[in-house]
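S.K.:
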Amino acid sequence: MSIPDKQYGFFYTKADGLKLKEDLPVGKPGPGQLLLKVDAVGLCHSDLHIIYEGLDCGDNYVMGHEIAGSVAALGPETVGFKIGERVACVGPNGCGICRECRAGLDNVCKNAFLDWFGLGYNGGYEQYLLVKRPRNLVRIPDNVTSDQAAAITDAVLTPYHAVKLAGINPTSNVLIIGAGGLGINGIQIAKAFGAKITVLDKKEEARKIVKELGVSVYESLPSDVQPGSFDVCLDFVVVQPTFDLCQKYTKPKGIIIPVGLGAPKVSFDLGDLALREINILGSFWGTSNDLEEAFELVSKGLVTPKVAKAPLKELPTYIKKLKNNEYEGRVVFNP
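In this note's numbering, the protein residues as written are 95 to 429.
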């Protein structure tokens, strides 16, 4: 495989925002590293928080954190991978040696904070990506496309981790708020876990897609649904009104997981929270083991991510479309 010295990609700085550059260097893998040819990279709503809302994930890096590619070159002493095999990046990019990583909790690795793929460290909005810790790559099943795999690394992984964290099982009565890019996959995952599911979404098009999955969906909860009805509430929106709904309709000892990033802060009723011993759990992305399991769900046909694709140079157009809520599901780009 012939590898160029220069490439194009979308580079982010706090001063200039996200800009296309045609002369980015292609990294040379050192000992224990590898070079990934980016085959597909997804656009996530989190990117908008950085570009438009000042979410601080560092400075001077290539964005794009939903990445699938093929191994293009191996550095000295890099073992366990072959040229050409397809892999996907585990976004949190854990160090592999800290207590959290050794316990399988690499998504909360303190050493990797703001060193995440496409969020502090270079990501996939470029043609080639230097991977300094290949431990954070997961092989893609043969019957999963690279376009799907890119979306799975966040749009399936994030809700999958939240569903696992909540302990959802066939006895669980679950309220899911939001059927967008994350929520629609969260619905399918919770269904695969056997849960009884009720979904809320204000958009008619989103409700139509949920109905096709055979799941109950409403613009607002019916009047006969009593407060304290749900074992688990997964909020894929997270603004104050949706979080208030979660607190109102969660059972005593129930679980609320705010997954979305709709608001930087929400408040809760401490008296009610204490009286009913409700658990509010943070949930961040997912682990490398979670990503393997998420791939298995898709490989078995239990979850089908909705993915459209476009050339990478059309990224700015789709960023504007996403900002204006002009499409559902995930868009991935092929460099």
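Glycine is no exception: its CB is placed at the ideal position from the N, C-alpha and C atoms.
Computed from a predicted structure; not experimentally measured.
Could you tell me which of G275, N187 and G214 sits nearest to N201, measuring between CA atoms?
M.R.: Of the listed residues, the one whose Cα sits closest to N201 is N187.
S.K.: What three-state label does DSSP hand A166 in the structure shown?
M.R.: In this structure, A166 counts as strand in the three-state DSSP scheme.
S.K.: Note down, one range per segment and in chain order, each beta strand (DSSP E) of at least 3 residues found wholly within the region 177-206.
M.R.: If we require 3 residues or more, the beta strand (DSSP E) runs fully inside the region 177-206 come out as 180-183.
S.K.: Look up N267 in the DSSP assignment and give the residues it is bridged to.
M.R.: DSSP output for N267 lists K290 as bridge partner(s).
S.K.: Over what stretch of residues does the alpha helix (DSSP H) that includes G298 continue unbroken?
M.R.: The amino acid occupying residue 298 in the given sequence is Glu; Gly does not appear at that position. Unbroken alpha helix (DSSP H) run through E298: E298 to E306.
S.K.: For L149 and L355, I'd like the C-alpha separation in whole angstroms.
M.R.: Their backbone Cα atoms lie some 11 Å apart in a straight line.
S.K.: With distances taken between CB atoms, is the gap from V397 to Q320 smaller than 8 Å?
M.R.: Taking 8 Å as the Cβ cut-off, V397 and Q320 do not qualify as a contacting pair.
S.K.: Nearest by alpha-carbon distance to G380: which of V353, I374 and E179 is it?
M.R.: Considering only alpha carbons, the answer is V353.
S.K.: Should G163 and V184 be called a contact, given that it needs their Cβ atoms to be closer than 8 Å?
M.R.: No, they are not a contact pair.
S.K.: Give the single residue among E160, S314 and G322 whose Cα lies nearest to the Cα of A243.
M.R.: Selected option, being the one with the closest Cα: E160.
S.K.: Just to confirm, are K400 and E422 a CB contact at a threshold of 8 Å?
M.R.: In contact: K400 and E422 (Cβ atoms closer than 8 Å).
S.K.: Check V353 in the structure and name its three-state DSSP category.
M.R.: Residue state, collapsed to three classes: coil.
S.K.: Per DSSP, P405 is paired with what?
M.R.: DSSP output for P405 lists N428 as bridge partner(s).
S.K.: Does the distance from the CB of I351 to the CB of I372 come in under 8 Å?
M.R.: Cβ atoms of I351 and I372: not closer than 8 Å.
S.K.: Are the region 243-255 and the region 297-313 in contact at 8 Å, needing three or more beta carbon pairs?
M.R.: The region 243-255 vs the region 297-313: no contact.
S.K.: Might you give, ordered along the chain, the residues of its own chain that have their beta carbon closer than 6 Å to the beta carbon of E179, omitting 5 neighbours on each side?
M.R.: V165.
S.K.: How is the alpha helix (DSSP H) around C327 delimited, first residue to last?
M.R.: Premise fails: C327 lies in the beta strand (DSSP E), F324 to D329, not in any alpha helix (DSSP H).
S.K.: Report the start-end ranges of each beta strand (DSSP E) in the region 218-278 that is 3 residues or longer and not cut off at the edges.
M.R.: Here the runs fully enclosed are 222-225, 231-233 and 267-271.
S.K.: May I have the straight-line CA-CA distance separating V309 from L328, to the nearest angstrom?
M.R.: V309 and L328: Cα-Cα distance of roughly 15 Å.
S.K.: Could you give the residue range of the alpha helix (DSSP H) that holds A388?
M.R.: Start and end: S382 to S393.
S.K.: Quick check on N279: buried or exposed, where buried means 16 or more other Cβ atoms within 10 Å of its Cβ?
M.R.: Classification for N279: buried.
S.K.: Starting from the C-beta of P429, find all residues in its chain whose C-beta is less than 6 Å away, skip the five residues before and the five after it, and write them out in chain order.
M.R.: Correct list, in chain order: V132, Q221 and L406.
S.K.: Is it the case that the Cβ atoms of F324 and L269 are separated by a distance below 8 Å?
M.R.: Taking 8 Å as the Cβ cut-off, F324 and L269 qualify as a contacting pair.
S.K.: Our contact map puts N267 next to F287 with C-beta atoms below 8 Å; I'd like the distance itself, whole angstroms only.
M.R.: Not confirmed; about 12 Å, so no contact.
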